[in-house]
Amino acid sequence: MTVPVASIASERLNSGLREMWYPVAPSWMLQNAPLGLTRLSQRIVLWRDAEGKVNAIDDRCPHRGARLSMGWNLGDRVACWYHGVEVNGEGRIEDIPALAKCVMKGRPLNRAFPAVERAGAIFVWFGEGEPTALELPEEISGGEWADILCTAHWKCNWRYAVDNVMDPMHGAYLHAQSHSMAEGDKTATMRARDTDAGFVFEKTNQSGVNFDWTEVGLTGALWLRLSIPYGKSAGPGGSFGIVGMVVPVDETSCRVFFWRCRKVSGWARNAWKFLYRARLESLHWDVLEQDRLILEGMDDRAREQEALYAHDGGIVRLRRMLEQLASAEVAAASAKTAGAREQA
Ligand code: FES
Ligand SMILES: [Fe+2]
66 MTVPVASIAS ERLNSGLREM WYPVAPSWML QNAPLGLTRL SQRIVLWRDA EGKVNAIDDR
126 CPHRGARLSM GWNLGDRVAC WYHGVEVNGE GRIEDIPALA KCVMKGRPLN RAFPAVERAG
186 AIFVWFGEGE PTALELPEEI SGGEWADILC TAHWKCNWRY AVDNVMDPMH GAYLHAQSHS
246 MAEGDKTATM RARDTDAGFV FEKTNQSGVN FDWTEVGLTG ALWLRLSIPY GKSAGPGGSF
306 GIVGMVVPVD ETSCRVFFWR CRKVSGWARN AWKFLYRARL ESLHWDVLEQ DRLILEGMDD
366 RAREQEALYA HDGGIVRLRR MLEQLASAEV AAASAKTAGA REQA
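Take any residue in the sequence shown, count from 1 to its spot, add 65: that is its number in the working numbering.
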């Protein structure tokens with residue numbers, strides 16, 4: 066029986082698009098020991114070599130399947146705890162210490178994933194094709210901006226976390242009691258506007274008062290950004306910028322990454338970071354907890370029974386964009402399989 070392409074594409078979307086970079090962990094989480102993670106329903110092991118460069122391969126020993134992340138970091142390779150087999154960053158067996166000679170040495174039995182470290186996070190490429198260039202929004206590309214990364218595990222499908230950011234109107238309700246989203250109109254008309262990398266979804270009757278717009282972009286990674294006006298008491302740097310990304314863990318959980326950004330340099334940067342840690346960070350965690358509670362409380366199939374209205378236009382448009390990407394990925398994968406079959 067042939068499975069319809071639309072249903073394969075929808076499964077692909079649910080478990081995570083592959084042809085893009087994802088932040089998988091904040092840099093601080095990867096110290097000297099190998100780190101085992103599940104991302105896009107795949108187990109991967111990360112480790113740093115002697116220069117600190119990150120390697121990422123399947124977290125499965127080619128011998129009998131133990132998790133390599135339970136073993137040892139030997140720099141250019143990891144050693145399995147079970148019988149000592151060593152696998153390098155290209156996924157090749159480097160050594161089988163229990164045998165003097167073995168034909169398996171040098172075989173690439175593990176998949177290796179391209180990995181880079183940017184903006185205080187480790188990004189991994191899960192696609193089959195060549196990695197595209199990763200261009201991050203200016204707020205987290207250094208320069209005049211300073212950012213602080215916050216990340217959390219949420220027990221909901223990754224698409225609900227993305228939808229949540231694409232919905233500026235929830236700020237005035239879900240976060241109505243928060244320190245930064247109590248102001249402004251509780252009604253709005255909304256519109257979408259194209260950008261080079263995606264689109265903006267914004268209120269037409271209000272800007273610069275509350276969470277009034279969201280932008281989504283695809284520049285090697287899928288990101289969202291927004292800005293929330295801050296008063297003088299919140300220190301230097303003008304509006305507070307947030308860049309968000311979400312990586313699927315499996316079909317019912319994800320890890321969210323939010324970079325909190327302000328345009329500050331020199332002494333103002335230190336003042337802002339100090340103020341942030343001392344006073345604002347716990348307030349922000351309170352806001353994120355509101356998001357987490359509402360999303361984790363929703364049924365995993367909530368999107369099958371929605372009654373959307375005009376404020377959800379951004380979500381509808383974003384979903385369409387993601388569905389098109391999923392269909393393109395599935396079509397490319399099936400063309401590749403058909404090509405390989407012809408050659409065989
Ligand atoms: S399972 Fe890893 S060395 Fe045997
Ligand atoms: Fe929120």
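Glycine included, C-beta positions come from ideal geometry on N, C-alpha and C. As the structure is a computational prediction, the values presented were derived from the model and not from experiment.
Query, Result
"With C-beta atoms as the reference, is Ala-211 less than 8 Å away from Trp-337?", "yes"
"Could you check the C-alpha separation between Pro-69 and Ala-397 for me, to the nearest Å?", "15 Å"
"Buried or exposed for Pro-99, going by 16 or more other Cβ atoms inside 10 Å?", "buried"
"According to DSSP, is Pro-338 helix, strand or coil?", "Residue identity check: residue 338 is Lys in the sequence provided, not Pro. Of the three classes helix, strand and coil, the one that applies to Lys-338 here is helix, per DSSP."
"Going along the chain, which residues of its own chain have a beta-carbon closer than 7 Å to the beta-carbon of Ala-237, five neighbours each way excluded?", "Met-246, Gly-249, Lys-251, Asn-275"
"In chain order, what residues of the same chain have a beta carbon less than 6 Å from the beta carbon of Leu-174, not counting five sequence neighbours either side?", "Pro-127"
"Leaving out the 5 sequence neighbours to the left and right, which residues in its chain are closer than 8 Å to Trp-288 when beta-carbon positions are compared?", "Leu-201, Pro-202, Val-281, Gly-282, Val-308, Gly-309, Met-310"
"By the 10 Å Cβ neighbour count, where 16 or more other Cβ atoms means buried, how is Pro-88 classified, buried or exposed?", "buried"
"How many angstroms separate the CA atom of Ala-333 from the CA atom of Arg-176?", "45 Å"
"Compute the minimum distance between the beta carbon of Arg-334 and the heavy atoms of ligand 1, and state whether it is under 7 Å.", "no"
"Residue range of the beta strand (DSSP E) that Val-321 falls in?", "318 to 328"
"Is there contact here, the stretch 350 to 369 with the stretch 257 to 264, by at least three beta-carbon pairs under 8 Å?", "no"
"Return the CA-CA distance between Arg-366 and Glu-116, expressed in angstroms with no decimal places.", "45 Å"
"Would you kindly work out how many angstroms separate the C-alpha atoms of Ser-106 and Cys-319, rounded to a whole number?", "10 Å"
"Which residues bound the alpha helix (DSSP H) around Asn-229?", "223 to 230"
"Which residue's Cα is closest to the Cα of Gly-171: Leu-164, Glu-159, Gly-194, Ala-131?", "Glu-159"
"For the candidate residues Trp-137, Gln-389, Leu-345, Asp-228, whose alpha-carbon lies nearest to that of Arg-290?", "Asp-228"
"How long is the line joining the alpha carbons of Asp-351 and Gly-404, rounded to whole angstroms?", "52 Å"
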